[in-house]
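Residue numbers (my numbering): 18 to 150.
Ideal placement from N, C-alpha and C gives every residue a C-beta, glycine not left out.
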């Protein structure tokens, strides 16, 4: 119970950290550094996680994260990919949006929690991907 409370608090802190990140007006190098710090603090090494395919990310999650935290951490990873995509140019932006969407879709299909926010985020991504093609 105490461990679950701690993890829920971590999710709240993650949401606050993402919000702060989005409102900061920084140069690209500082923003990249801050993003890498968010990865490290909440899900793992930036260089490892950012470059994983969907199947590799799921395998990583199964190996590295506890079962009760897995879907939430995959959701955090998807949010980080989405946030990074918002600040990058194509073709990197397109790739990050596709990865984020795939992770959100996996969570939607395999998770046990319904989230209106996740569905709204998926629709935003879908619209951005449609505009691109």
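Per the coordinates, the alpha-carbon of residue 60 lies some 10 Å from the alpha-carbon of residue 81. Taking C-alpha positions only, residue 141 is separated from residue 64 by approximately 26 Å. DSSP places residue 98 inside the alpha helix (DSSP H), whose first and last residues are 87–104. Less than 8 Å separates the beta-carbon of residue 94 from that of residue 74.
Taking residue 34 as the centre and dropping the five residues before and after it, the same chain places the C-beta of 55, 58, 59 closer than 8 Å to its C-beta, in chain order. The beta-carbon distance between residue 79 and residue 124, rounded to whole angstroms, is 14 Å. This is too long to meet the 8 Å contact definition. In the DSSP assignment, residue 114 falls within the unbroken alpha helix (DSSP H) covering 109–127.
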